[in-house]
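Down below is the structure, laid out as structure tokens.
Protein chains: 4
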Amino acid sequence: MSKKLWGGRFGKKTDPLVEEFTKSVHFDKRLAAYDVVGSMAHVKILKKSGYLKTVEASRLLKALASVQKSVAKGVFKPGAADEDIHTAIQNTLQKKVGDLALKLHTARSRNDQVAVATKLYCKVSLLKAEVAISGLIDALAASADKNKRIIMPGFTHLQHAQPVYLKDHLGAYIEMLKRDIGRLQRISAFIKVTMGSGALAGTPINAASYFVKGREIGGFGEAFDISAAVNALDAVSDRDFVIEILSALAITGVHLSRFSEDLVIWSTKEFGFVDIDDAFCTGSSLMPQKRNPDVLELARGYAGRLCGNLVSVLTTMKGLPLTYNRDMQLDKEPLFDSFRIVLSEAKVLTGLVKTLKFNAGKIGKQLEDESLYATDLVYYLVKKGIAFKNAHTIVGKLVKYSADKGVEIKHMAQADLGKFSDKLVKREIVKLFDPKVSVESKRSIKR
Amino acid sequence: MSKKLWGGRFGKKTDPLVEEFTKSVHFDKRLAAYDVVGSMAHVKILKKSGYLKTVEASRLLKALASVQKSVAKGVFKPGAADEDIHTAIQNTLQKKVGDLALKLHTARSRNDQVAVATKLYCKVSLLKAEVAISGLIDALAASADKNKRIIMPGFTHLQHAQPVYLKDHLGAYIEMLKRDIGRLQRISAFIKVTMGSGALAGTPINAASYFVKGREIGGFGEAFDISAAVNALDAVSDRDFVIEILSALAITGVHLSRFSEDLVIWSTKEFGFVDIDDAFCTGSSLMPQKRNPDVLELARGYAGRLCGNLVSVLTTMKGLPLTYNRDMQLDKEPLFDSFRIVLSEAKVLTGLVKTLKFNAGKIGKQLEDESLYATDLVYYLVKKGIAFKNAHTIVGKLVKYSADKGVEIKHMAQADLGKFSDKLVKREIVKLFDPKVSVESKRSIKR
Amino acid sequence: MSKKLWGGRFGKKTDPLVEEFTKSVHFDKRLAAYDVVGSMAHVKILKKSGYLKTVEASRLLKALASVQKSVAKGVFKPGAADEDIHTAIQNTLQKKVGDLALKLHTARSRNDQVAVATKLYCKVSLLKAEVAISGLIDALAASADKNKRIIMPGFTHLQHAQPVYLKDHLGAYIEMLKRDIGRLQRISAFIKVTMGSGALAGTPINAASYFVKGREIGGFGEAFDISAAVNALDAVSDRDFVIEILSALAITGVHLSRFSEDLVIWSTKEFGFVDIDDAFCTGSSLMPQKRNPDVLELARGYAGRLCGNLVSVLTTMKGLPLTYNRDMQLDKEPLFDSFRIVLSEAKVLTGLVKTLKFNAGKIGKQLEDESLYATDLVYYLVKKGIAFKNAHTIVGKLVKYSADKGVEIKHMAQADLGKFSDKLVKREIVKLFDPKVSVESKRSIKR
Amino acid sequence: MSKKLWGGRFGKKTDPLVEEFTKSVHFDKRLAAYDVVGSMAHVKILKKSGYLKTVEASRLLKALASVQKSVAKGVFKPGAADEDIHTAIQNTLQKKVGDLALKLHTARSRNDQVAVATKLYCKVSLLKAEVAISGLIDALAASADKNKRIIMPGFTHLQHAQPVYLKDHLGAYIEMLKRDIGRLQRISAFIKVTMGSGALAGTPINAASYFVKGREIGGFGEAFDISAAVNALDAVSDRDFVIEILSALAITGVHLSRFSEDLVIWSTKEFGFVDIDDAFCTGSSLMPQKRNPDVLELARGYAGRLCGNLVSVLTTMKGLPLTYNRDMQLDKEPLFDSFRIVLSEAKVLTGLVKTLKFNAGKIGKQLEDESLYATDLVYYLVKKGIAFKNAHTIVGKLVKYSADKGVEIKHMAQADLGKFSDKLVKREIVKLFDPKVSVESKRSIKR
């Protein structure tokens, strides 16, 4: 007997190259748990609509529960000849309950089945990603708090700009990651799990029968409630949710790449702002002294992969006619890969952040750079009645003079200062070259 | 006097190649209206916080209102030497109110200014996109309604699958576009317009002063309310909203590419399902008979551009250290381009859809293909107690036999039918080869 | 003893999450054969330069040959703790020859080692891809030849344009694939396999010692000759060859997606131009009649993945400082994946093309469409002295009249024809509506 | 009279939205010069093949030469109603020579015309890009030579690795850019300019008539020779050359992004390795002290745009059936944009490199870091007979000890050194901590 879910109409065996080229079980096996849940819902629907007797439904549910257990234990193995996970589970059921399994496919299409399983997978994986990102936020918040007194040179264009609190620099990443979690939650909220689309045209089963509570199929919450699709053709053709997720994960990836870049730069010999713990560094096979921030580099580089995964599915979906086309099977590997990446990045960076040691001495040394206080000098002049842009020009010239002459502003004589503006009073301005004074003078940020 | 917003610290003139390479006014002039609104808000904030006297604020607001008018009329022209739109507006103000304009830059940075203007631009453009997409939904709904009796062969893999209503095929696109609108609305709702970040470190102005109601700055609604940023470093470094929008517009672009592909195929000589109106076709300079669906092809092709624009900004943002870096200026052209594309696509497709003529005759001809009813035959057997998968195999063999022998199933003798299954009763099954019967037997879809 | 190639400088164990996150052996094991070859070359170099005695070199080469065999047999298994394939092979050698293996790492860095192995892998894989694409070209050429008499409607914008030979339509794909092979060959020719870069700074071994003939290391040809890098910093930082290959494979993928699209459309019920063999179709679990061209759809869809893989590496490489950074490790999975895809596509499509059956009847039916000959009518008028553009307008009007009235041009009376131009002579023009006459009148193409 | 190159067959005017949506003249006007050259060639071909009399050909060539002049002067302006540049030139010719212009369209299609003009544009633009990149190579080579004595810490993972010559670090970029030029040259060499494809089916003109020497059409060299296409369907469908160019330009963009990143980091206050000249920096509107490397940041960021442009065209071409489809018009804006970006980047960076000032003092300070010489210590031990990996471990422990105790290796007592290995002789190893000794000991690089 053929192991495929189709075949009667065919006069020839499938070419082995085709079997190899089209099979998906080696990656969609990750959907096993979700396909089982979808099948459980389908059994309930078939029972409600009279296609299965109570006793048949019970036998099938029991068999499915047994598959569920073996999936959970990691011992479920698809057969070598199964073309996809749906076929694998179907064939396993047949071994367990015999021909009764053949009824399970009533009013059901893999087009619909794969959409259900993928959506359930996404909902669960989105939750996992949220938890992992939350963990990283917590680590960042703890580090920000531990180092809350450290003031550092703030950067724009990687040049010294103005003093800022290290906790605010770390806090910027917390804001990004919070937005990321919100984005993932909203995506999940708008994924509707539907059934009853058949291959594209709907099924003979009444729409009402398709209402299945998430908790009826094994403890999933309300977000997992199932209902009939509003439009069956759309339901089997839709991969919006995959693209939305890939896009959101790419954004998170970009955030983590920026964080990694900051730390890579800060942990150079030249900056020396931070030490990455030995447990989070790797070495070189040639150069014995090396302690390289490989974790950060991979986290930076993975932004490229996440972007590529997004492009992969967007490009694949371009220009596909309705409804289901096999091209759509290619959404899964990029989806699985992007989830894997973001989850592992969030986890490993959480550990790395927990062990970061900021070097207050080296950071503080950089705060001696007078140019960091130039804007404070401008505000000082503005308070004395000079228009902002004029004050900006005065201080610009002063900074240039200081650099050209190699004299610090705070060491310049009152007479020299006076050449730039008669409002510049030496004993007043020397107080401005103080990081604490500078950061505390900024009132626009709620602390 | 230098026309730039900086310069005092510099000992040399900017190289002309650098001016050419870094200037953005030729594209960011599109932000003019929004920069003016942002400047109006800033005037109010400076007044509240004592940096501007009431009379100064009034003069500046009046001058800004005058710029606003010239922008609205399309007569505002940045000077040739202005490096960006913010400088252009600043310089124009200086011509109008003299040195008072120099105070406008108090406690303000272009890093912050550009974020505000871009966010306001996005909010307005998102609304426009929603309206344009709504227009297309209306056109599709009207066409679906007008042709509500037409049944067509539904396709999976572009092969005949089962009969479906044309209105449901069009309805699938309505569902997609509705999701698109929801997505754009949610993005807009989560874009927070903030001020007071300065270059990165905040400003000496109290956070409370930054609350400005949208309506205070010219009729914008609540969505345009301004407040101080929670984290200034994040506020000037953030381009998440740009990427989210580019991603959402790319998804819409993919939807429109699929719709276009369907119509391109349906309007071939071979399908003949639909006629594109002459007003929406173009011709060939060589072949006089040609009526080409160029609009649809461009709509299909633009999905590529929309995807490219998304990649452009994602890749540019990868690995940027905090906070603002000039790379981020490169977000604007892709953003403007993607909005332009989706708006123009939605509008031109609305016109095209309104004039579509479906060819019921040609469509109906295809419904004679018996294979479209094979699934109904399976359901028929299932109702007679055959397990679904067995019924599937029986009908598969029947279809193959019919194709091999060149005999239609409905013309096969009862005896022949009986060879496949004794449940096949000729007088019953002949009724199944009816598109209306087939589509109406699907109960899973709410109509 | 630590199984890593580094560690002395470290005070702590690597965090398990880091080991998991940074390890690459699960994918770079594909480089095993090439790393062994590179190691053999390195042994020869160490011997030439006096770092290894003859007997030591012999023992190491023998051990490497034994690893080579087990790799070739598919029985080589990296240890669970090996972080990459280079470490795995090193550790295996140590088991075989003891501490002598520790000398193999003299003057060698994984930065260099991975570049060598990847380049050798690429050269071999490029050859395989060329062979596979050649196979597809042969299948296309055979099909073109078998069907050389079939004339079909040529398409622009998927609308009937002018008659063309089917062999020329297939020939267009042959041209594309020939360009693809040329592109791959040129890429391979310009990949220089170099050694001696160390981690980035070169090694104490003289440049001349790095000349190793391809045939010295196991039968590889001249293309595999090794020499010292011109610039060591570039050699360990360069991934141009990976991006070039990914780009070339993406172009091939686009070609195959276009070919697949043509066949998907041609094998619809409505076109019916071609039959895909049962052995290259798959079915539906719901609809028993389905014979779906899944192979073609996947080949079409994979263009997206190939494009995504290219973006992945391009984006990852963006903005990396010199020299080697760990981000660069992320080039491998996309590279392996793209090669796998193109190879499998070329092979499965070769089989599919060999079994294609063109339906001369259905194709011929479409040639009755008079509009296909409109351009020939224009040339006819031009020969009679009418300027091309005027002739184009005349025929355009004639075609419109014919369509509006529902009368074929060849059935129009001479009097009616005369209304459009007195040069239109019925008995002459009726001969033009002949596909053979039309295609043979085109002299610009060498046949 | 209609200004379009088609129209006779149409019963309605084109919808204004369609004209707006489909027109390309606002960007393809950049092809004007190349379309004129293509038209000149076409006149010669029409004359050779008898479609134009000598006197007609002369008049047309004269008119074309006049258009050519106005294009060269920058005064050629397409009419507002011209849909594309080809139509604009055709209409201009008609004004100049009346109805004779109508003959120019004989045996010609815009599908072919646009391919010819784009290919000529590409060949010329590729040359320009090569020249611009050569200029940058020269600037780098001059800077390398001027600073040839500077030794710097070489980086891997942005961590101190081993000393290298600055000239070699700059030399790595020279290697990359040389590869880039070679790549562009090879692409150009393989672009074949062909004519005679008509819309897709060829023309009645003999293939031999299509041979036109590049110099016959205005001074272009051999690379611009024209001949008949081998396969007309391919010739009008092919955009490989566009994608190849976009890919090559993206690779160059990645190289320039890496160079920019290096300089951005080196010009930080913390590194201080290099000063960017005032003429190549820009300032801040808020912070008067700022001298920002905006040029470098834009060059880094543009790698994203170049990648996006590549994706744009790749995705657009995916899945297009043969032959020409209007989607293909969307290749031009990305192509023009990518050429513009790389040309301007190469030029502005040339200026920037010429004015770079390396800070030998600050760089030299970093060479005091002993860890840079750890690998030299390993080689020292290897020469004394210790296996490389053991030597690596010994030195790793020594470096760790030195860091933990805060004692430099060169200041450690012989007794302490002896604890790590009895081969470590203090008076020998102190000589190793010398950058010059270190770099000169590397013999694998040809200098």
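Protein chains in written order, with the working numbering: chain E, 2 to 448; chain Z, 2 to 448; chain G, 2 to 448; chain A, 2 to 448.
Glycine included, each C-beta is placed from N, C-alpha and C at the ideal position.
Rounded separation between residue i and residue j - CA only
i	j	result
arginine 444 of chain E	isoleucine 175 of chain E	21 Å
isoleucine 266 of chain G	valine 314 of chain E	22 Å
glycine 284 of chain A	tyrosine 374 of chain E	15 Å
cysteine 282 of chain G	tyrosine 303 of chain G	17 Å
valine 76 of chain Z	leucine 247 of chain Z	29 Å
isoleucine 410 of chain G	alanine 404 of chain G	9 Å
glycine 8 of chain A	leucine 53 of chain A	24 Å
alanine 42 of chain G	valine 194 of chain G	11 Å
lysine 437 of chain Z	lysine 149 of chain Z	12 Å
alanine 135 of chain E	isoleucine 446 of chain E	What sits at residue 135 of chain E in the sequence shown is serine, not alanine. Rounded to whole angstroms, serine 135 of chain E to isoleucine 446 of chain E spans 24 Å at the Cα level.
threonine 15 of chain E	alanine 73 of chain G	30 Å
lysine 45 of chain A	serine 198 of chain A	16 Å
valine 396 of chain E	lysine 70 of chain A	53 Å
glycine 183 of chain Z	methionine 196 of chain E	22 Å
proline 79 of chain A	lysine 30 of chain A	8 Å
Residue i: CB within 7 Å of a non-hydrogen atom of the ligand GTP
i	result
threonine 317 of chain G	Of the ligands one can find in the structure shown there are none, so the ligand GTP has no counterpart to examine.
Where the beta strand (DSSP E) containing residue i begins and where it ends
i	result
arginine 161 of chain Z	In the sequence on display, residue 161 of chain Z carries histidine and not arginine. Here the beta strand (DSSP E) through histidine 161 of chain Z covers 160-166.
serine 228 of chain A	227-229
threonine 157 of chain E	152-157
Residue burial classification, residue i (beta-carbon count within 10 angstroms, cutoff 16)
i	result
lysine 358 of chain Z	exposed
glutamate 223 of chain E	exposed
glutamate 21 of chain Z	exposed
glycine 362 of chain Z	exposed
threonine 56 of chain E	Correcting the residue identity first, residue 56 of chain E is valine in this sequence and not threonine. With fewer than 16 other Cβ atoms within 10 Å, it is exposed.
Own chain residues within Cβ distance below 7 Å of residue i, not counting five before or after
i	result
alanine 102 of chain E	Gln91, Leu94, Gln95
Where the alpha helix (DSSP H) through residue i begins and ends
i	result
valine 438 of chain Z	436-441
methionine 196 of chain G	Here methionine 196 of chain G belongs to no alpha helix (DSSP H); instead the beta strand (DSSP E) covers 194-196.
glutamate 21 of chain E	17-23
arginine 60 of chain G	55-73
Practice task
State whether the segment 360-371 of chain Z contacts the segment 331-338 of chain A, with contact taken as three or more CB pairs (one from each stretch) at a distance under 8 Å.
Solution key: As far as the Cβ criterion goes, the segment 360-371 of chain Z does not touch the segment 331-338 of chain A, which means the pair count is below three.
Handout entry: Three-pair Cβ contact test at 8 Å for the segment 345-352 of chain A versus the segment 130-147 of chain A
Key = The answer is yes - the segment 130-147 of chain A touches the segment 345-352 of chain A, with three or more Cβ pairs under 8 Å.
Practice task
Spell out a yes or no on whether the segment 189-204 of chain Z and the segment 160-172 of chain E are touching, meaning 3 or more CB-CB pairs, one atom from each, closer than 8 Å.
Solution key: yes
Handout entry: Three-pair Cβ contact test at 8 Å for the segment 213-232 of chain A versus the segment 140-156 of chain G
Key = no
Exercise for the section: State whether the segment 255-262 of chain E contacts the segment 310-329 of chain Z, with contact taken as three or more CB pairs (one from each stretch) at a distance under 8 Å. Expected result: yes
Exercise for the section: Please determine if the segment 370-390 of chain A and the segment 282-301 of chain E are in contact, where contact requires at least 3 C-beta pairs separated by less than 8 Å. Expected result: At 8 Å Cβ cutoff, the stretches touch.
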